[in-house]
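Presented below is the structure to which this report refers.
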Amino acid sequence: MAEKSGKISKIRLGRLDQSKLRIDTAEEYDRRLGKLQKDLLHIQQTYWHEKRRAIVVFEGWDAAGKGGAIRRMTEPLDPRGFHVWPISAPSPEEQSKHYLYRFWTRLPAGGTFAIFDRSWYGRVLVERVEKFASKDQWKRAYDEINEFERLLTDDGVRIVKLFLHITPEEQLERFRERMKNPYKRWKLTEEDLRNRAKWDDYVKATEAMFDRTSTPQAPWHVVEANSKWHARLKVLEIVTDTLKKGVNIAPPPVNGNVARIAAEILGVHPGVSEEERTVEG
Numbered sequence: 002m003a004e005k006s007g008k009i010s011k012i013r014l015g016r017l018d019q020s021k022l023r024i025d026t027a028e029e030y031d032r033r034l035g036k037l038q039k040d041l042l043h044i045q046q047t048y049w050h051e052k053r054r055a056i057v058v059f060e061g062w063d064a065a066g067k068g069g070a071i072r073r074m075t076e077p078l079d080p081r082g083f084h085v086w087p088i089s090a091p092s093p094e095e096q097s098k099h100y101l102y103r104f105w106t107r108l109p110a111g112g113t114f115a116i117f118d119r120s121w122y123g124r125v126l127v128e129r130v131e132k133f134a135s136k137d138q139w140k141r142a143y144d145e146i147n148e149f150e151r152l153l154t155d156d157g158v159r160i161v162k163l164f165l166h167i168t169p170e171e172q173l174e175r176f177r178e179r180m181k182n183p184y185k186r187w188k189l190t191e192e193d194l195r196n197r198a199k200w201d202d203y204v205k206a207t208e209a210m211f212d213r214t215s216t217p218q219a220p221w222h223v224v225e226a227n228s229k230w231h232a233r234l235k236v237l238e239i240v241t242d243t244l245k246k247g248v249n250i251a252p253p254p255v256n257g258n259v260a261r262i263a264a265e266i267l268g269v270h271p272g273v274s275e276e277e278r279t280v281e282g
């Protein structure tokens, strides 16, 4: 949610203007993407050294570009420091337990990121609209999810929640593109096509999700995604801004013993400039 004139303005998807969000050139896109990816790598290194934890949640329409945004986000990262969790329908064993169980088991270890391609918000989105959850269950879930996230943030976990929004017209074009491309057809399912008939129901559920679960410690960020280049850059901007807030991402000092041995064996003095060594000599 955003503040306007001292009041909280609600996120309404129909008010988003995507007409002027194109990136002019490939050169501009590549330049901005490279800088953001470098920043994110430095953030990851800091989180690794300081054993910080982060969760990035991706929600959005089918064909909104979640996978492409995740690929650009993870390209520069050390694979030992993150895990991507693609979330689909729960297994029979998971269905027999509380719906948050399978997410508790996927939380990040110290020094790592957990990236969720869809998440626990399925309870108040697809499970609500498709009636996989009863009204009592999905209405109760808002408070359960807020408490779940509060427990995590109180324990020091940084949470970034992103919703990628495209218009129904853009989604239709992307579905057509997938059907024409033999290497993308596998992405299109019967459910994807049928769900278009429930677009208004999903809008209602999504906006209720924003209203009920956008909190000061874990706010929702809506990404206008009709332009894939714009969406990928905005995702990285939001992620880097959120993860580095209040965090010193400068390189950590070199271990004293390592510095001493490096000086003796390699002739390298970490943290000491050539001019300083000349003066010392």
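So that you can map any letter, position 85 of the sequence shown is 86 in this note's numbering, and since no number is skipped, the others follow by simple counting.
For each residue, glycine too, the CB sits at the ideal point set by N, CA and C.
Met180 is classed as exposed because its beta carbon has fewer than 16 other beta carbons within 10 Å across all chains shown. Here the alpha carbon of Ala65 sits roughly 21 Å from the alpha carbon of Ser215.
The alpha carbon of Val255 has as its nearest neighbour, out of Thr113, Lys246, Thr243, Val269, the alpha carbon of Val269. Note: Ile56 is bridge-paired with Ala115, Ile160 in the DSSP secondary-structure output. Using a C-beta cut-off of 8 Å, the stretch 105-115 makes contact with the stretch 78-87, since at least three inter-stretch Cβ pairs fall below that distance. Contact annotation, Thr241 with Leu37: C-beta distance approximately 6 Å; criterion of less than 8 Å satisfied. With a threshold of 16 other beta carbon atoms within 10 Å, Lys52 falls short and is exposed. Beta-carbon to beta-carbon, Ala206 and Gly61 are separated by about 13 Å, too far to satisfy the 8 Å threshold. In the structure shown, Leu42 adopts helical secondary structure according to DSSP, grouped into three states.
For Trp62, no beta strand (DSSP E) segment is defined, and its DSSP state is neither H nor E. Under DSSP, Glu128 forms no beta bridge with any residue. Residue range 83-87 is occupied by the beta strand (DSSP E) that includes His84. In terms of CA proximity to Ile250, Trp49 leads the group Trp49, Gln19, Tyr30. For the pair of segments examined, the stretch 136-145 was found to touch the stretch 118-126: the number of CB pairs separated by less than 8 Å reaches three.
Residue pairing by DSSP places His222 opposite Leu163 in a beta bridge.
Contact between the stretch 160-167 and the stretch 222-238 is established, with three or more Cβ pairs separated by less than 8 Å.
Under the three-state reduction of DSSP, Thr241 is assigned to helix. Separation of Glu29 and Trp230 (C-alpha to C-alpha, rounded to the nearest whole angstrom) is 10 Å.
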